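Working notes for the structure below.
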Amino acid sequence: MSIRSELNLRASRFGDARKSCTKCMGIKIIMGLLILGTLAGCSPIQPWVKPYEREHFADPIMSFNRDPVSGTYIDHVYESREGSRGATGGVGGGCGCN
Amino acid sequence: MQLRWFNPWAKALAALCLVGTPAIADVLPDDRADVLYHNYDGGGITIQGPSVLVRKKVGDSLSFSASYYEDLISSASIDVKLSASPYHETRKQEGFSVDYLHGKTIYTAGYIHSREPDYSSNTAYYSISQSMFGDLTTVTFGFRRGWDDVFRDVKVNGVIQNDPTFQRQADHRGYTLSVSQILTRNAILDLNFEAITDQGYLQSPYRKIRYFDPTVPGKQFTLADQIYPGTRTSTAASADLKYYLPFRAAVTGLYRFYNDTWGITGHTVELDYTQPYRHFIFDGSIRYYRQNNANFYSDLFPRADYSNFEARDRELAAFHSISLGFGAAYEFHVPYARWINKSSLNFHFNHLMIDYSDFRNALLAGDGVYTAGTEPLYKLNANIYQVFVSIWF
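These protein sequences, in sequence, are chains A and B. Counted from 1, the first sequence has number 26 at position 27 by numbering that gives the first Met the number 0; the numbering is strictly sequential. Counted from 1, the second sequence has number 192 at position 193 by numbering that gives the first Met the number 0; the numbering is strictly sequential.
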């Protein structure tokens, strides 16, 4: 084998090894992220909306059930006339005689 | 015999919808009292009456609430005109509940009793709400159980009374799972899932089906009793997103999907907008709903005893509806009453329009123009008013 051929062969093997090593790196990165993710799951989740950033939720207009009596009544009106029921999320009550 | 119109399964279901989803689990509800007057007018039915709710904390961990609701019903609806006679009746409902706060958990238990001349309903419920992830998330599990007694009124010697030969029961169970999630400093999302099972007498003892009968001159149909299945299971899921706008206003979008073992699939879409202005808070809403019919529903059955189960209740028909709503609240100060922290006077109005796809106006059959199955489709328009006063103390 000539020196050139031997060098080409080594380069080819080196290329294969480099490709293989790239695969290894990818797997290692994924494994690393999984481990980090797992470890992160052991620590408490940090609230991404801080308590002092929640002033809007104290505003009555942000309540899903601002007027419970009125909400109960209008849910009652709809449920009495429709086949669907449930998952309204609000406080209901009454019967559907209407 | 006087026949009345009512909707027993919806009665129980509405009574079952009791478990609310507190947006924040580690805070008890505010101390408040509401006195409301409601009026519904549409489709030949007028329903009005009061509704009262009082909530009061005792100590730091307990909150009690009591409610009273009343319907004064005057009905001459299309169903009543077809197979019964107009009637007046009163329904009364009382409710009581208690919330117990322990750490970041709220335990709720309650009971509701509803009664009217031909229907009695009892419902017990409880729920557990847990706040977690830095109070950004609230998860609620709920369960409820209802027991109903169904009667049928008859007129004997001019006096309306319960038919001694008719008494049926119905049993209801409901399971809820709700998640309330703060997404950003301006957005909050509510996810709700609910499964309900019913067993027993789930139909109205008054309403009728009609089947094609060429021997009847003019109308060409005959009325017969409905036959409902003895069980029903439904699932519903909804997503409710509320967003705080930069100029102190809020917009809310809701979608709900519904499906049950009777073959009904329903879709609800609602958009709300809330705008405060000085001492006022204005609300506007538009709600769209549509559903297909139940498997055993038909406006006109081909013949008598056509199938095992037969129904012609409008609530089981295919239809779509649009509801437009407007509300205004005025906050005011009550002089010489320091124990009142805040008070408001409120007015709400909704206009409901329902277009049925397979429920016809059977009253027009036999008038010389229409026969059974050729009548125009029925439409319902209703106006709904609410006036109420709220105080926080």
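Beta carbons: idealized from backbone N, C-alpha and C, even for Gly. Please read these numbers as outputs of a predicted model, since none were measured by experiment.
Can you say whether residue i is buried or exposed, counting buried as having 16 or more other CB atoms within 10 angstroms of its CB?
i	result
Lys218/B	buried
Tyr369/B	buried
Asn292/B	buried
Leu33/A	exposed
Val48/A	buried
Gln202/B	buried
Phe331/B	exposed
Ile72/B	buried
Pro375/B	exposed
His101/B	exposed
Pro245/B	exposed
Ala83/B	buried
Trp391/B	exposed
Lys27/A	exposed
Ile44/B	buried
Ser306/B	exposed
Checking the sheet assignment: what are the DSSP bridge partners for residue i?
i	result
Ser389/B	Asp33/B and Ser343/B
Thr89/B	Leu71/B
Gly94/B	Ser66/B and Ile111/B
Asp395/B	Residue numbering for chain B in the displayed model covers 0 to 392; residue 395/B lies beyond these limits and cannot be assessed.
Leu52/B	Asp33/B and Ser66/B
Gln219/B	BP columns for Gln219/B are empty, so no partner.
Phe256/B	Ala236/B and His266/B
I want to verify the contact list: residues of chain A whose CB lies under 7 angstroms from the CB of residue i, in sequence order.
i	result
Leu135/B	Pro46 and Val48
Ala169/B	Within 7 angstroms Cβ-Cβ: nothing; Ala169/B doesn't reach chain A, min ~12 angstroms.
Thr273/B	Ile60
Leu81/B	The premise fails here: Leu81/B is roughly 17 angstroms from chain A at the closest Cβ pair, so nothing lies under 7 angstroms.
Asn185/B	His55
Shorter than 8 angstroms from the beta carbon of residue i to some beta carbon of chain B?
i	result
Met30/A	no
Ile34/A	no
Ile73/A	yes
Ser69/A	yes
Cβ closer than 8 angstroms: which chain A residues qualify as neighbours of residue i?
i	result
Ile353/B	Arg80
Gln219/B	What Gln219/B touches in chain A: nothing, since even the nearest Cβ is about 28 angstroms away.
Tyr254/B	Simply none; closest approach about 10 angstroms.
Phe132/B	Ile44 and Pro46
Ile208/B	What Ile208/B touches in chain A: nothing, since even the nearest Cβ is about 17 angstroms away.
Asp25/B	By Cβ distance, chain A contributes nothing, its closest Cβ being about 12 angstroms from Asp25/B, past 8 angstroms.
Thr267/B	Ser83
Would a check of beta-carbon distances place residue i closer than 8 angstroms to chain A?
i	result
Asn360/B	no
Ser126/B	no
Lys378/B	no
Arg277/B	no
Ile77/B	no
Gly199/B	no
His37/B	yes
Tyr106/B	no
Leu240/B	no
Gly102/B	no
Leu270/B	no
Ala310/B	no
Trp391/B	no
Show which residues of chain A have a CB atom less than 9 angstroms away from the CB atom of residue i.
i	result
Ile195/B	Arg84 and Gly85
Asn121/B	Per Cβ cutoff of 9 angstroms: no residues; Asn121/B is ~12 angstroms from chain A at best.
Leu71/B	Here the premise fails: no neighbours, minimum Cβ distance about 11 angstroms.
* Could you tell me which uninterrupted beta strand (DSSP E) segments, each at least 3 residues in length, are contained entirely in the region 356-391 of chain B, listed from first to last along the chain? => 376-391
* For the region 124-156 of chain B, which segments carrying the beta strand (DSSP E) assignment without a break, of at least 3 residues, lie completely within its bounds, in sequence order? -> 136-155
* Could you name each continuous beta strand (DSSP E) segment of 3 residues or more that falls completely within the region 182-209 of chain B, going from the start of the chain to the end? => Counting only runs of 3 or more, we get 186-199.
* Listed in chain order, which residues of the region 320-351 of chain B have Cβ atoms closer than 7 angstroms to some Cβ of chain E? -> The chain labelled as chain E is not found among the protein chains of the depicted structure, namely A and B.
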